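Heads up, the thing below is written out as structure tokens.
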Amino acid sequence: MALEICAKAAVGAPHLLGDCPFTQRVLLTLEEKNISYQMHLIDVSNKPQWFLEVNPEGKVPVVKFDGKWVPDSDVITQILEEKYPEPSLVTPSEYASVGSKIFGTFVTFLKSKDAIDGSEQALIFELFALDKHLKTHGPFVNGEKVSAVDLSLAPKLYHLEVALEHFKSWSVPENLAHVRNYTKLLFSRESFIKTVTSDKKYVIAGWGPKVNPLKLGNESTVSLSSCPDLNNLMYLDNPNVIVENMYAAKFEK
Ligand SMILES: N[C@@H](CCC(=O)N[C@@H](CS)C(=O)NCC(=O)O)C(=O)O
1 MALEICAKAA VGAPHLLGDC PFTQRVLLTL EEKNISYQMH LIDVSNKPQW
51 FLEVNPEGKV PVVKFDGKWV PDSDVITQIL EEKYPEPSLV TPSEYASVGS
101 KIFGTFVTFL KSKDAIDGSE QALIFELFAL DKHLKTHGPF VNGEKVSAVD
151 LSLAPKLYHL EVALEHFKSW SVPENLAHVR NYTKLLFSRE SFIKTVTSDK
201 KYVIAGWGPK VNPLKLGNES TVSLSSCPDL NNLMYLDNPN VIVENMYAAK
251 FEK
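If you read the sequence shown in the UniProt record's numbering, its first letter stands for residue 1, the second for the next number, and so on.
This is the structure:
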């Protein structure tokens with residue numbers, strides 16, 4: 001019987017798979033383990049009542065195991081490994097935290113408006129550490145075979161690549177050749193292609209409000225992720241709203 005999973009729908013396109021890296025991590029695990037699944041797409045700006053009843057915290061992903069909905073990608077992937085041990089995706093404990101600081105440093109750099117605050121260097125430092133690891137142990141974190149840590153890193157590195165390209169015209173430095181090869185390997189896997197959101201614009205739309213919050217006339221900040229329909233860009237037409245940045249205009253059809 002297929003496992004049921006609630007996944008994030010694309011911002012402004014609730015019938016399409018969205019950009020959540022935690023959801024994709026679980027989908028990648030299901031694909032790599034050849035587990036059949038049925039997806040419920042959840043519009044996180046308009047969560048259905050049934051979803052909130054089974055999952056009051058309201059976050060995706062959640063997976064139904066033995067009649068009970070379980071949240072959190074760490075917990076879900078652990079249960080999947082226990083229930084479906086073949087093929088094993090276990091990462092040896094000494095490698096389990098490889099790359100674990102990349103996502104946090106990426107987000108800090110992405111949001112930074114200060115070119116000399118050290119956030120770019122902090123990210124490069126973490127990417128350099130990953131590069132060094134891959135040089136000795138690669139092509140994946142645990143050698144020739146993909147494992148859980150790669151499936152957790154892959155969607156995060158994809159967000160890093162897409163968002164930094166878009167918002168900062170930044171890409172992974174060319175001298176980090178092992179990281180660049182790693183992302184190419186990961187992003188070209190069948191499992192990744194099947195589970196990635198259909199268009200980069202959904203990744204960009206997801207980060208937009210965090211990078212450049214829109215301000216209301218009364219100076220209170222609004223987050224576009226709570227907008228019912230990002231693509232309508234209703235705030236741009238609203239005289240009570242000062243648009244302090246034009247990132248949103250890039251989505252205008
Ligand atoms: N620690 C959680 C994080 C899940 C998470 O933050 N999901 C986001 C989407 S990427 C979400 O559901 N946001 C909607 C909300 O918080 O209302 C995990 O690993 O599954």
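Ideal Cβ placement from N, Cα and C applies to all residues, glycine included. Predicted model only: the values in this text are computed from it and were never measured.
Just to confirm, does residue i get its C-beta within under 6 Å of one of the non-hydrogen atoms of ligand 1?
| i | result |
| --- | --- |
| Gly-138 | no |
| Val-60 | yes |
| Cys-20 | yes |
| Val-44 | yes |
| Lys-210 | no |
| Ser-152 | no |
| Asp-117 | no |
| Lys-145 | no |
| Lys-8 | yes |
| Ser-97 | no |
| Ser-73 | yes |
In three-state DSSP terms, what is residue i?
| i | result |
| --- | --- |
| Lys-184 | helix |
| Glu-4 | strand |
| Trp-69 | strand |
| Ser-223 | Any reading at Ser-223 is ruled out, since the residue's pLDDT is 45, under 50, leaving its predicted position unreliable. |
| Gly-104 | helix |
| Gly-143 | strand |
| Ala-148 | helix |
| Leu-41 | strand |
Please report the distance separating the alpha-carbon of residue i from that of residue j.
| i | j | result |
| --- | --- | --- |
| Val-172 | Arg-180 | 7 Å |
| Phe-51 | Lys-132 | 43 Å |
| Ala-154 | Ser-100 | 12 Å |
| His-159 | Gly-206 | 10 Å |
| Ser-152 | Glu-161 | 15 Å |
| Gln-38 | Gln-49 | 19 Å |
| Gly-12 | Ile-5 | 20 Å |
| Phe-22 | Gly-143 | 23 Å |
| Pro-14 | Lys-47 | 11 Å |
What are the boundary residues of the beta strand (DSSP E) that residue i is part of?
| i | result |
| --- | --- |
| Lys-47 | Neither: Lys-47 is in no beta strand (DSSP E) and is coded neither H nor E. |
| Phe-65 | 62 to 65 |
Apart from the five residues on each side of it in sequence, which residues of its chain come closer than 6 Å, Cβ to Cβ, to residue i?
| i | result |
| --- | --- |
| Ser-36 | Ala-2 |
| Ser-191 | Leu-28, Glu-31 and Glu-32 |
| Phe-109 | Ser-119, Glu-120 and Leu-123 |
For residue i, collect the residues of the same chain with a Cβ closer than 8 Å to its Cβ; drop the 5 residues on either side in sequence, then sort them by chain order.
| i | result |
| --- | --- |
| Val-70 | Val-62, Val-63, Lys-64, Ile-76 and Ile-79 |
| Gly-138 | His-178, Asn-181 and Tyr-182 |
| Ser-93 | none |
Can you find the residues in the same chain that come closer than 7 Å, C-beta to C-beta, to residue i, ignoring five residues on each side of it along the sequence?
| i | result |
| --- | --- |
| Val-98 | Leu-130, His-133, Val-141 and Val-149 |
Starting from residue i, trace the alpha helix (DSSP H) both ways and give me its first and last residue.
| i | result |
| --- | --- |
| Leu-17 | Run containing Leu-17: none in the alpha helix (DSSP H); it sits in the beta strand (DSSP E), 13 to 17. |
| Gly-208 | 200 to 211 |
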